[in-house]
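>
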Ligand code: NAD
């Protein structure tokens, strides 16, 4: 078969010799906080930053790292219960210089009751405002090329209505807007603010759905890429947005869902 004369002879390479597809980020010498970094998507994000050389502090609800059977290697730990304003203050006072804040922690909450609605909005939205605000001075001291970064992990529930997730959906939609407001407010201080909207990813939060054959198939069938996502695929998007490769991106919402949302 004729070949364009400008092509090099990659066809002769063994597949294993091809290095295409892998992106190596470098966050050496930089400090990253990942909320809810002890499991699920947060664990993958924390592990990704640690593997890229960052000094990573993960937060969780338990008193100490030793209280977790699995913990991201090489990371520090701080208790941060998002509903407790004092925990946010404690972290902010001790944080020092910070380069990346990943607001990952969150949860769907329960039934349709006024209490559950308030709790879901408090955990998924209010805490993100308070923590970002409290850490903005620390982020303003960043030495990350392209500026410090705040990455908010929202959800595709920001895009759809659901009769099951009133507070969660409202909070995640508001996170998209909060991302825009913080983008404008923090840009003069050299801080970029973006959001990631994950699609369906098996984690402790969603395992019950992922393991239900009917739900699992429904998601696969409705997703152009034909499968559920992996926590590491959300982490890759977060690392990209925090990296200097994204230094002219702020106020953006990056949907990472295999195309699910555009079929809706
Ligand atoms: P997960 O339940 O495995 O992890 C959630 C983390 O948030 C845990 O570490 C948990 O301790 C922490 N958290 C929850 N409530 C907290 C509180 N009150 N105080 C402090 N920490 C708290 O779930 P996940 O799937 O890894 O979720 C991570 C993020 O991704 C969440 O914001 C979630 O809304 C979002 N998300 C997940 C999916 C998915 O399919 N898994 C889809 C869209 C968005």
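Numbering (my numbering), first residue to last: 12 to 275.
Each residue gets a CB set at the ideal place from its N, CA and C atoms; glycine is no exception.
Between the segment 190-202 and the segment 236-248, can you find at least three pairs of beta-carbon atoms closer than 8 Å?
They do not touch, by the three-pair rule.
> Measuring straight from C-alpha to C-alpha, what distance separates residue 67 and residue 155?
The residue you call residue 67 lines up with position 56 of the chain shown. The residue you call residue 155 lines up with position 144 of the chain shown. Those two C-alpha atoms are separated by around 14 Å.
> For residue 135, does the three-state DSSP call read helix, strand or coil?
Taking the chain shown and counting its residues from 1, one reaches residue 135 at position 124. Three-state DSSP puts residue 135 in a helix.
> Is it the case that the Cβ atoms of residue 111 and residue 253 are separated by a distance below 8 Å?
Within the chain shown, the letter at position 100 stands for residue 111. Within the chain shown, the letter at position 242 stands for residue 253. Yes, these two residues count as a Cβ contact at 8 Å.
> What first and last residue would you give for the alpha helix (DSSP H) that runs through residue 187?
For the purposes of this step, residue 187 is identified with residue 176 of the chain shown, where counting begins at 1. It spans 177-197 - the alpha helix (DSSP H) in which residue 187 sits, taken as one unbroken run.
> Where does residue 109 fall in DSSP's three states?
For the purposes of this step, residue 109 is taken as the residue at position 98 of the chain shown. If DSSP states are grouped into helix, strand and coil, residue 109 belongs with coil.
> Give me the Cα-Cα distance between residue 50 and residue 217, rounded to the nearest whole angstrom.
Walking along the chain shown from the start, residue 50 turns up at place 39. Walking along the chain shown from the start, residue 217 turns up at place 206. Their backbone Cα atoms lie some 12 Å apart in a straight line.
> Find out if the Cβ-Cβ distance for the pair residue 103, residue 145 is shorter than 8 Å.
In the chain shown, counting from the first residue as 1, residue 103 sits at position 92. In the chain shown, counting from the first residue as 1, residue 145 sits at position 134. Against a cut-off of 8 Å, the Cβ pair of residue 145 and residue 103 comes out as a contact.
> Got a sec? Which residues, its chain only, sit under 7 Å from residue 89 by beta carbon, not counting five neighbours each side?
As a first step, residue 89 is located in the chain shown; it is residue number 78 there, counting from the start. Here the set comprises 68, 70 and 102.
> Please determine, among 99, 181 and 91, the residue with the shortest C-alpha to C-alpha distance to residue 127.
Here residue 127 is taken as the residue at index 116 of the chain shown, counted from 1. Comparing Cα-Cα distances from residue 127 to each of 99, 181 and 91, the minimum goes to 181.
> State yes or no: is the C-beta of residue 211 nearer than 7 Å to some heavy atom of the ligand NAD?
Reading the chain shown from its first residue, position 200 is the one you call residue 211. Result yes, Cβ under 7 Å from the ligand NAD.
> In this structure, does DSSP put residue 272 in helix, strand or coil?
Numbered from its first residue, the chain shown carries residue 272 at position 261. If DSSP states are grouped into helix, strand and coil, residue 272 belongs with the helices.
> What is the rounded straight-line gap between the Cα of residue 191 and the Cα of residue 93?
The count along the chain shown starts at 1 and reaches residue 191 at position 180. The count along the chain shown starts at 1 and reaches residue 93 at position 82. Rounded to whole angstroms, residue 191 to residue 93 spans 22 Å at the Cα level.
> When DSSP labels each residue in this structure, what does residue 80 get in the three-state scheme?
If you number the chain shown from 1, residue 80 lands on position 69. Correct three-state label for residue 80: coil.
> In whole angstroms, give me the CA-to-CA distance for residue 209 and residue 35.
Reading the chain shown from its first residue, position 198 is the one you call residue 209. Reading the chain shown from its first residue, position 24 is the one you call residue 35. Distance between the alpha carbons of residue 209 and residue 35 is about 21 Å.
> For the ligand NAD, is there a heavy atom less than 7 Å away from the beta-carbon of residue 249?
Within the chain shown, residue 249 is the residue found at index 238, counting from 1. Answer for residue 249: no, Cβ out of range of the ligand NAD.
> Under the DSSP definition of a beta bridge, which residues are partnered with residue 87?
Taking the chain shown and counting its residues from 1, one reaches residue 87 at position 76. Paired residue(s): 68.
> For the ligand NAD, any of its heavy atoms closer than 7 Å to the Cβ of residue 253?
Working through the chain shown from its first residue, we reach residue 253 at position 242. Checking every heavy atom of the ligand NAD against the Cβ of residue 253, none is found closer than 7 Å.
> Alpha carbon to alpha carbon, what distance is there between residue 172 and residue 267?
For the purposes of this step, residue 267 is taken as residue 256 along the chain shown, with counting starting at 1. For the purposes of this step, residue 172 is taken as residue 161 along the chain shown, with counting starting at 1. Answer to the nearest angstrom: the Cα atoms are 18 Å apart.
> Within a Cβ cutoff of 7 Å, which residues of the same chain sit near residue 82, ignoring the five residues on either side of it in sequence?
Start at 1 with the first residue of the chain shown, and residue 82 comes out as number 71. Within the same chain, residue 82 has close Cβ partners 49 and 76.
> I'd like to confirm something about residue 50: is its beta-carbon nearer than 7 Å to some heavy atom of the ligand NAD, or not?
Position 39 of the chain shown, counted from the first residue, corresponds to residue 50. Yes, the Cβ of residue 50 comes within 7 Å of a heavy atom of the ligand NAD.
> Give me, in chain order, the residues of the same chain whose beta-carbon lies closer than 6 Å to that of residue 262; leave out the 5 immediate sequence neighbours on both sides.
Here residue 262 refers to the residue found at position 251 of the chain shown. 191 and 194.
> Measuring only from the beta carbon, is residue 215 closer than 7 Å to any heavy atom that is part of the ligand NAD?
One-based indexing of the chain shown puts residue 215 at position 204. Yes.
> Would you mind sorting residue 259 into buried or exposed? The rule is 16 or more other CB atoms within 10 Å of its CB.
Counting from 1 along the chain shown, the entry for residue 259 is found at position 248. Exposed, because fewer than 16 other Cβ atoms sit within 10 Å of the Cβ of residue 259.
> Is it buried or exposed for residue 86, if we count other Cβ within 10 angstroms and need 16 for buried?
Position 75 of the chain shown, counting from 1, holds the residue named residue 86. Buried, since its Cβ has 16 or more Cβ neighbours within 10 Å.
> Look at the Cβ atom of residue 250, then the Cβ atom of residue 59, and state whether they are nearer than 8 Å.
For the purposes of this step, residue 250 is taken as the residue at position 239 of the chain shown. For the purposes of this step, residue 59 is taken as the residue at position 48 of the chain shown. Yes, these two residues count as a Cβ contact at 8 Å.
> Using the DSSP secondary-structure output, state which residues sit across from residue 267 in a beta bridge.
The sequence position of residue 267 within the chain shown is 256, counting from 1. In DSSP, residue 267 forms a bridge with 209.
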